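Under full-length UniProt numbering, residues 1 to 201 are what the sequence shown spells out, in order. Report on the structure given below.
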Amino acid sequence: MSWEKGGAVLLGVIITLIVTILKEAISAFLKRKAERAHVTVQLVLLLDQFASECASVAGDDGTWLGQRDKDGGLRAQVDEPKLDYSGIKGEWKSLWPNLIYQVHDLALQQTYADQTIRNDFEESSPPDDNLSFETRQYEYARLGLKAYAIASDLRDRAGLPQRTWNSWNPISYLRETVQRIDERRQVLAMFHQGLLGKDKI
Numbered sequence: 001m002s003w004e005k006g007g008a009v010l011l012g013v014i015i016t017l018i019v020t021i022l023k024e025a026i027s028a029f030l031k032r033k034a035e036r037a038h039v040t041v042q043l044v045l046l047l048d049q050f051a052s053e054c055a056s057v058a059g060d061d062g063t064w065l066g067q068r069d070k071d072g073g074l075r076a077q078v079d080e081p082k083l084d085y086s087g088i089k090g091e092w093k094s095l096w097p098n099l100i101y102q103v104h105d106l107a108l109q110q111t112y113a114d115q116t117i118r119n120d121f122e123e124s125s126p127p128d129d130n131l132s133f134e135t136r137q138y139e140y141a142r143l144g145l146k147a148y149a150i151a152s153d154l155r156d157r158a159g160l161p162q163r164t165w166n167s168w169n170p171i172s173y174l175r176e177t178v179q180r181i182d183e184r185r186q187v188l189a190m191f192h193q194g195l196l197g198k199d200k201i
């Protein structure tokens with residue numbers, strides 16, 4: 001076999017190898033992209049639902065139609081939502097690492113929030129339990145906003161449309177709840193520091 005024939009055969013083998021590698025790389029890329037889209041859509045919908053349920057908790061002041069229970073206490077009217085990712089089908093590793101972290105960290109943040117709420121309830125009793133319910137409202141409003149921010153980021157990265165709301169916007173409600181409680185806590189802190197009179201609370 002001449003050098004020319006040998007070179008042509010070698011070149012043919014190299015070209016075939018390169019084409020095969022490129023085909024496999026393109027196929028893997030397209031599969032990963034489809035998998036990412038599939039997981040992203042499921043996560044976005046789950047996080048939207050969680051944020052909406054957090055808004056329900058943020059609106060629960062422990063009264064039934066504005067009334068305390070027969071013992072003068074407050075009782076939760078809405079259960080706290082639980083983040084459960086077990087129903088998400090597909091390869092999580094197809095997602096962006098920082099978003100995988102944020103999604104799983106949200107579940108950890110909920111654990112911390114629940115502990116803060118439990119601690120507040122253990123230290124309060126009627127009629128001072130309204131501050132414990134305020135803590136519950138505040139913590140779940142913050143969790144809902146975090147969930148929505150992650151869902152919004154996922155939408156942007158995946159090219160999905162942002163959520164639009166009809167008559168009621170739970171995200172605006174969550175923001176208003178956090179702002180209202182922050183302002184109230186600021187006023188209370190100023191009162192305790194002697195900077196405000198009782199008439200300003």
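No residue lacks a Cβ here, since even glycine has one placed at the ideal position from N, Cα and C. Predicted, not measured: the structure shown is a model, and the values here were computed from it.
Opening and closing residue of the alpha helix (DSSP H) in which Gly73 lies: For Gly73, no alpha helix (DSSP H) encloses it, and the DSSP letter there is neither H nor E.
Phe50 and Pro97 closer than 8 Å at C-beta: For Phe50 and Pro97, no; Cβs fall outside 8 Å.
Cβ distance (whole Å) where Ala76 is taken to contact Ala141 below 8 Å: Not really, about 15 Å apart at Cβ, beyond 8 Å.
Backbone CA spacing between Ala149 and Val103 [nearest angstrom]: Approximately 10 Å between the Cα atoms of the pair.
Whole-angstrom distance between Asn169 and Arg136, CA atom to CA atom: If you draw a straight line from the Cα of Arg136 to the Cα of Asn169, it comes to about 20 Å.
Check whether Leu74 and Thr63 have beta carbons under 8 Å apart: yes
C-alpha distance - Arg157 paired with Lys33, whole-angstrom precision: 12 Å
For Trp92, the three-state DSSP class (helix, strand or coil): helix
Own chain partners of Gly90 with C-beta closer than 6 Å, once the 5 adjacent residues on each side are dropped: So the list reads Glu35, His38, Val39, once near-sequence residues are dropped.
Neighbourhood of Tyr173 by C-beta, 6 Å cutoff - its chain only, sequence neighbours within 5 removed: Ala55
Where Gln137 sits in the DSSP three-state scheme: Gln137 falls in the helix class under three-state DSSP.
Residue nearest to Leu99 in terms of C-alpha spacing, selected from Val13, Ala151, Glu122: Ala151
Enclosing alpha helix (DSSP H) for Pro170 [first to last residue]: 170-192
Exposure label - Tyr138; buried when at least 16 CB within 10 Å: Looking at its Cβ environment, which holds 16 or more other Cβ atoms inside 10 Å, Tyr138 is buried.
Exposure of Ala147, with buried meaning 16 or more beta-carbon neighbours within 10 Å: buried
Beta-carbon gap between Ser124 and Leu131 smaller than 8 Å: yes
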